[in-house]
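Every letter in the sequence shown is one number past the one before it in the UniProt record's numbering, and letter 282, counting from 1, is 282. Even glycine gets a Cβ: it sits at the ideal position worked out from N, Cα and C. What follows is a short report on a single structure.
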Amino acid sequence: MFRRSIICLSLLLSLTAGLVSAQQTDTKRVTYYAILLDGKKIGHTIRTRIVTAQHVTTTETMSFTLHRFETAITIFANVEVRETPDGKPLAFKSVTRMPPMAPQMVEGVVTDGKIQATVTNGDQKRQVSADWPEGALLNEGLRLLQRRKGLQAGTSFTASVFLPDQMQAVPFDITVMEPEAVDLFGRVVTLTRIRATIAGPTGEITMTDYVDADFHALKSVAPLIGMTLEMVTCDSQFALSPNDVVDVLNKSLVASPVELSPALRRKSLTFHLTPRTKQQLRIPGDDTQTVAPGDDGTVRVTVKPTAIPAGAAIGYDGDDAEVLAALKPSQYVQSDDKRIVALARKAVGDASDAAIALKRLEKFVTDYILETDLSIGYASAAEVLESRQGDCTEFAVLLAAMCRASGAPTQVIQGIAYAEQFGERKNIFVGHAWVRCYVAGRWVHLDSAMGHHDTAHIMLGQSDGPNQLLQLLTAMGQFTITRIDAPDGQPLPDETAF
1 MFRRSIICLS
11 LLLSLTAGLV
21 SAQQTDTKRV
31 TYYAILLDGK
41 KIGHTIRTRI
51 VTAQHVTTTE
61 TMSFTLHRFE
71 TAITIFANVE
81 VRETPDGKPL
91 AFKSVTRMPP
101 MAPQMVEGVV
111 TDGKIQATVT
121 NGDQKRQVSA
131 DWPEGALLNE
141 GLRLLQRRKG
151 LQAGTSFTAS
161 VFLPDQMQAV
171 PFDITVMEPE
181 AVDLFGRVVT
191 LTRIRATIAG
201 PTGEITMTDY
211 VDADFHALKS
221 VAPLIGMTLE
231 MVTCDSQFAL
241 SPNDVVDVLN
251 KSLVASPVEL
261 SPALRRKSLT
271 FHLTPRTKQQ
281 LRIPGDDTQT
291 VAPGDDGTVR
301 VTVKPTAIPA
311 GAAIGYDGDD
321 AEVLAALKPS
331 QYVQSDDKRI
341 VALARKAVGD
351 ASDAAIALKR
361 LEKFVTDYIL
371 ETDLSIGYAS
381 AAEVLESRQG
391 DCTEFAVLLA
401 AMCRASGAPT
411 QVIQGIAYAE
421 QFGERKNIFV
431 GHAWVRCYVA
441 GRWVHLDSAM
451 GHHDTAHIML
461 GQSDGPNQLL
471 QLLTAMGQFT
481 ITRIDAPDGQ
491 PLPDETAF
């Protein structure tokens with residue numbers, strides 16, 4: 001579930017670093033960066049900027065490798081944007097490859113404030129038309145804005161960054177800070193710190209660029225699920241050198257203070273979350289999960305057994321924007337794919353009751369995916385349909401697509417869930433993905449990867465776009481679970497066994 005988050009954040013680091021690229025008089029400039037996670041090299045980025053009389057073309061080529069226990073996953077991303085010399089958007093192309101899955105590509109042109117794009121997942125293509133987000137900028141537009149604002153400490157402004165791979169804009173609050181000494185692989189230089197902050201419903205995430213007097217971004221830093229992601233300029237030899245082994249999955253695990261038996265996980269549970277930093281925790285709630293502030297910045301999250309209202313019909317005829325969006329096909333949830341529609345009809349059969357139909361869909365996906373494979377990058381529902389393999393994310397996107405195809409508004413949920421054992425760790429909460437469906441005026445949760453949703457699931461966000469992925473980044477790794485209460489409100493002792 002973390003691969004798309006890391007891609008999203010890495011591309012944002014690249015774009016915000018583009019905020020402070022120096023004005024070039026040459027026609028081509030190539031810059032190499034090493035990508036580090038908690039000080040370990042996991043990959044590289046190559047930034048190329050080509051200037052002609054008509055166009056400015058910026059290309060970001062990125063490669064990094066993550067480990068999940070013994071399994072290595074290498075991810076490749078390439079983003080190319082073309083703008084006019086005065087920063088107006090003309091075209092963009094984003095390609096992501098996570099072998100063995102097929103490449104995923106978004107390619108578009110911008111004309112008179114309109115986007116015409118082709119989204120490709122494997123052999124599936126769809127055409128998308130949309131308005132260019134008002135005020136959104138790409139690399140050259142951002143560079144020109146930063147030069148106008150300058151590097152005087154205390155300068156602040158807002159910029160809207162367009163993400164080509166998601167075709168959405170993300171707002172940044174940018175502040176120029178005081179210069180400071182920065183270590184660049186043993187070379188200490190004085191650079192100006194620029195802080196870029198994204199605000200979201202679950203909190204905020206702050207990225208930092210360190211730039212020289214010529215506006216070169218030499219280092220960029222951002223938090224990631226309790227770790228630190230960095231991009232540091234270097235020579236090509238080091239950038240392209242072998243990577244270190246970093247087990248990102250093991251670092252993201254959250255220990256449970258007590259053992260939670262299957263019987264206990266069928267009852268309401270209250271989790272006391274304690275932040276690791278001074279930043280306030282913002283955890284979302286719904287009909288299944290309620291959130292209340294505790295003492296000293298803690299948060300109490302109560303999860304009730306999810307229940308689908310009996311006798312309700314699948315479908316929605318209201319006007320709630322969030323619910324309506326959960327009915328639409330998306331880049332990874334292709335609910336309009338004819339094969340997925342047919343599979344959903346097969347799974348639902350003659351059921352007209354939403355409770356029966358959705359539980360049939362949940363079980364169908366549980367049985368349909370034959371191989372749990374940690375090496376799968378981030379497959380779309382259409383790809384899972386063919387491969388029948390993946391991890392929790394693949395279970396979730398296929399289930400979401402089939403539920404939407406059946407008429408149920410459905411979101412892919414990201415959070416953590418309890419596991420009695422995960423690798424060599426026992427009684428642990430792991431990053432997890434599942435879905436929630438809107439039925440009879442309430443959200444109910446389903447989990448095909450685990451076979452059912454229980455109360456040892458803590459929802460952190462839903463992942464239908466870059467802002468939602470960033471919500472997950474602001475919460476994951478930022479807290480510990482210090483106490484779990486039973487349904488009667490009493491804390492569970494360490495020796496609890498049910």
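For residue i: DSSP bridge partner residues
{"i": "Phe422", "result": "Arg425"}
{"i": "Arg265", "result": "Looking at the DSSP assignment, Arg265 forms no beta bridge with any residue, so it has no partner."}
{"i": "residue 501", "result": "Absent from the structure is residue 501, since the part of the chain shown begins at 1 and ends at 498."}
{"i": "Asp485", "result": "Thr270, Pro491"}
{"i": "Arg148", "result": "DSSP output for Arg148 lists no bridge partner at all."}
{"i": "Leu37", "result": "Lys40, Leu229"}
{"i": "residue 519", "result": "Coverage of the chain is limited to positions 1 through 498, which leaves residue 519 absent and any answer about it impossible."}
{"i": "His432", "result": "Gly415"}
{"i": "Gly461", "result": "Gln414"}
{"i": "Pro293", "result": "Val299"}
{"i": "His452", "result": "DSSP output for His452 lists no bridge partner at all."}
{"i": "Tyr32", "result": "Ile46, Cys234"}
{"i": "Gln127", "result": "Thr118"}
{"i": "Tyr438", "result": "Trp443"}
Close beta carbons around residue i, own chain, < 7 Å, minus the five adjacent residues each side
{"i": "Ala456", "result": "Leu260, Arg265, Leu269, Ala417, Tyr418"}
{"i": "Lys338", "result": "none"}
{"i": "Ser375", "result": "Any reading at Ser375 must be qualified, since the residue scores a pLDDT of 49, below 50, and its modelled position is unreliable; the value itself is stated next. Closer than 7 Å at the Cβ level, and outside the excluded window around Ser375, lie Thr71, Ile73."}
{"i": "Ser335", "result": "Pro329, Ala401, Arg404, Ala405"}
{"i": "Ala117", "result": "Val106, Glu107, Gly108, Val128, Met167"}
{"i": "Val430", "result": "Leu253, Ile416, Ala417, Ala419, Phe422"}
Nearest-angstrom Cβ-Cβ length linking residue i and residue j, presumed shorter than 8 Å
{"i": "Ala77", "j": "Thr96", "result": "5 Å"}
{"i": "Ala312", "j": "Ala354", "result": "4 Å"}
{"i": "Phe395", "j": "Ser448", "result": "4 Å"}
{"i": "Trp132", "j": "Val110", "result": "5 Å"}
{"i": "Ile428", "j": "Ala255", "result": "6 Å"}
{"i": "Ala239", "j": "Leu229", "result": "Between Leu229 and Ala239 the Cβ distance is about 16 Å, and since that is not below 8 Å, they are no contact."}
{"i": "Gly294", "j": "Gln280", "result": "Not a contact, Cβ separation roughly 12 Å."}
{"i": "Gln124", "j": "Ala382", "result": "5 Å"}
{"i": "Leu399", "j": "Leu361", "result": "6 Å"}
{"i": "Ile458", "j": "Gly415", "result": "5 Å"}
{"i": "Val439", "j": "Pro275", "result": "That belief does not hold up - the Cβ atoms of Val439 and Pro275 are roughly 33 Å apart, past 8 Å."}
{"i": "Gly477", "j": "Ser252", "result": "6 Å"}
{"i": "Arg29", "j": "Arg49", "result": "5 Å"}
{"i": "Ala351", "j": "Ala357", "result": "4 Å"}
{"i": "Val444", "j": "Val397", "result": "Wrong, their Cβ atoms sit about 18 Å apart, outside the cutoff."}
Where residue i falls, given that 16 or more other Cβ within 10 Å makes a residue buried
{"i": "Gln54", "result": "exposed"}
{"i": "Gln166", "result": "buried"}
{"i": "Leu370", "result": "exposed"}
{"i": "Gln421", "result": "exposed"}
{"i": "Gly461", "result": "buried"}
{"i": "Ser236", "result": "exposed"}
{"i": "Val245", "result": "exposed"}
{"i": "Leu324", "result": "exposed"}
{"i": "Ser380", "result": "buried"}
{"i": "Pro409", "result": "buried"}
{"i": "Gly146", "result": "Looking at the sequence shown, residue 146 is not Gly but Gln. Under this definition Gln146 is a buried residue."}
{"i": "Thr158", "result": "exposed"}
{"i": "Phe185", "result": "exposed"}
{"i": "Gln104", "result": "buried"}
{"i": "Glu424", "result": "exposed"}
{"i": "Ala347", "result": "buried"}
{"i": "Thr288", "result": "buried"}
{"i": "Asp454", "result": "buried"}
{"i": "Ala102", "result": "buried"}
{"i": "Thr277", "result": "exposed"}
{"i": "Arg47", "result": "buried"}
{"i": "Arg388", "result": "exposed"}
Cβ shell of residue i (< 6 Å), same chain only, five flanking positions each side left out
{"i": "Glu140", "result": "Val56, Glu83, Gly87"}
{"i": "Lys93", "result": "Glu80, Glu107"}
{"i": "Ala486", "result": "Leu492"}
{"i": "Pro179", "result": "Thr190, Thr192"}
{"i": "Ala344", "result": "Met402, Ala405, Ser406"}
{"i": "Leu151", "result": "Val176, Thr192"}
{"i": "Ser160", "result": "Gly135, Ala136, Ala169, Pro171"}
{"i": "Leu66", "result": "Ile73, Val248"}
{"i": "Ala326", "result": "Pro409, Thr410, Gln411"}
{"i": "Thr155", "result": "Lys149, Val176"}
Same chain, Cβ closer than 8 Å to residue i, five either side skipped, listed in chain order
{"i": "Ser241", "result": "Lys41"}
{"i": "Leu218", "result": "Val182, Leu184, Val189, Leu191, Tyr210, Val211, Asp212, Val232, Thr233"}
{"i": "Ile35", "result": "Ser10, Lys41, Ile42, Gly43, His44, Thr45, Met62, Phe64, Leu229, Glu230, Met231"}
Quick check for students: name the residue ranges of the alpha helix (DSSP H) that lie wholly in the region 158 to 236, counting only runs of 4 or more. none
Can you list the alpha helix (DSSP H) stretches of 4 or more residues lying completely in the region 319 to 407, in chain order? 321 to 325, 338 to 348, 354 to 368, 381 to 387, 392 to 405
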